[in-house]
Amino acid sequence: MKLIVANFKMNLLIKDIHNYLEVIEQKLNKDQVIFCPNNLHIKYFSEKNYLVGSQDISFQEYGAITGDTSINQLKEVGITYTINGHSERRQYFLDNKYINKKVKLALSKQIKIILCIGENLKAFEENNTFSVLKDQIDNALKDNLNYINETNLIIAYEPIWSIGTGKIPTNSCLEKTILNIKTYLKETYNLNLKVLYGGSVNLENIDSLQEVSEIDGYLVGSLSLDPNKFLTLINKINN
Ligand code: 13P
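Just so you know, we're using this note's numbering here: the sequence shown kicks off at 24 and counts up by one.
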């Protein structure tokens, strides 16, 4: 079964969430899909026993960090996962030091991590994809190996140039990159981790993406905002 993660980013209002929950009611496998809505909407999903993740956590457990939300506050409203290192967070708010701290904090609190990695267009065009990914993995895992196992860390490969652009790597490129990621994790860290693909996943390209055998699931942005389209996508993935 492929894992499917919905990242709503900064979209939707409470009324949309209520409508969304009505549309999806009884229509999906609750062990297969993880919803990552805005923090204000997490409880609406967790109340109905959906798997829920936050889009980020504060790097600090508690204290004076204006504007952040702590892992304990997020756990209280029902998350069991958190996204860490999404490229939009890396771009505006984070450096690798915080991503590394967040891995340790989340795992020590029994929150599973969806770790996003991905190269920008320049690195892709200059054939530097793998060295970028390797650095991102090393930075996140450094000193955290005692906490990590094969069920609490999932990698999401999201090329930055694919996010929201409609452009995705070719199947052979994806097959190779994801295999490289898995081989590196196995050989360097002795970890067999699931690797999701994210970036412009839609109803037009999903059949083709499904031919990439190394993909263990998907991290879906804009398409997941429409519950009917999202259900159609899930059906296509499962058939
Ligand atoms: P899109 O599916 O909108 O390209 O977003 C991908 C993404 O960033 C998911 O985390």
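By construction, the Cβ of each residue, glycine as well, lies at the ideal position given by its N, Cα and C atoms.
Whole-Å CB distance - residue i paired with residue j, under 8 Å assumed
i    : j    : result
L219 : V28  : 7 Å
I136 : I177 : 7 Å
I140 : Y115 : Wrong, their Cβ atoms sit about 17 Å apart, outside the cutoff.
F82  : S247 : The pair is not a contact, with the Cβ atoms about 26 Å apart (cut-off 8 Å).
K125 : N107 : 5 Å
Distance cut-off 7 Å: residue i Cβ against heavy atoms of ligand 3
i    : result
S245 : The model depicted lacks ligand 3 and carries ligand 1 instead.
Inter-residue spacing [alpha-carbon to alpha-carbon] between residue i and residue j
i    : j    : result
K132 : I94  : 8 Å
D79  : I47  : 24 Å
T174 : P60  : 22 Å
V100 : G76  : 10 Å
L97  : D230 : 35 Å
M24  : N123 : 29 Å
T193 : N228 : 11 Å
I257 : D239 : 13 Å
L164 : G221 : 21 Å
Exposed unless 16 or more other CB atoms sit within 10 angstroms - verdict on residue i
i    : result
L242 : buried
G86  : exposed
Q49  : exposed
E142 : buried
E111 : buried
L156 : buried
G90  : exposed
Spatially closest choice to residue i from the options, by CA coordinates
i    : options                : result
N72  : L97, T103, S223, V46   : T103
L35  : I257, T255, D249, N258 : D249
V235 : Y43, N225, K199        : K199
F57  : L74, L44, N42          : The sequence given here has Ile at residue 57, not Phe. Nearest of L74, L44, N42 to I57, Cα basis: L74.
D166 : I201, K127, S195       : K127
T105 : Y43, K32, A129         : A129
L232 : K217, K98, L216, I191  : I191
K252 : T89, K38, M24, Y43     : Y43
K217 : L226, L202, V224       : L202
F68  : T92, D39, T89, G240    : D39
F153 : L197, N107, D91        : L197
I20  : N119, E84, I160        : Residue 20 lies beyond the residue range present for the chain, which begins at 24 and ends at 262; the question has no answer from this structure.
Residue i in three-state terms, based on DSSP
i    : result
I171 : coil
V235 : coil
K53  : coil
F58  : strand
Y220 : strand
G162 : For the sequence presented, residue 162 should be read as Asn rather than Gly. If DSSP states are grouped into helix, strand and coil, N162 belongs with the helices.
L214 : coil
T206 : helix
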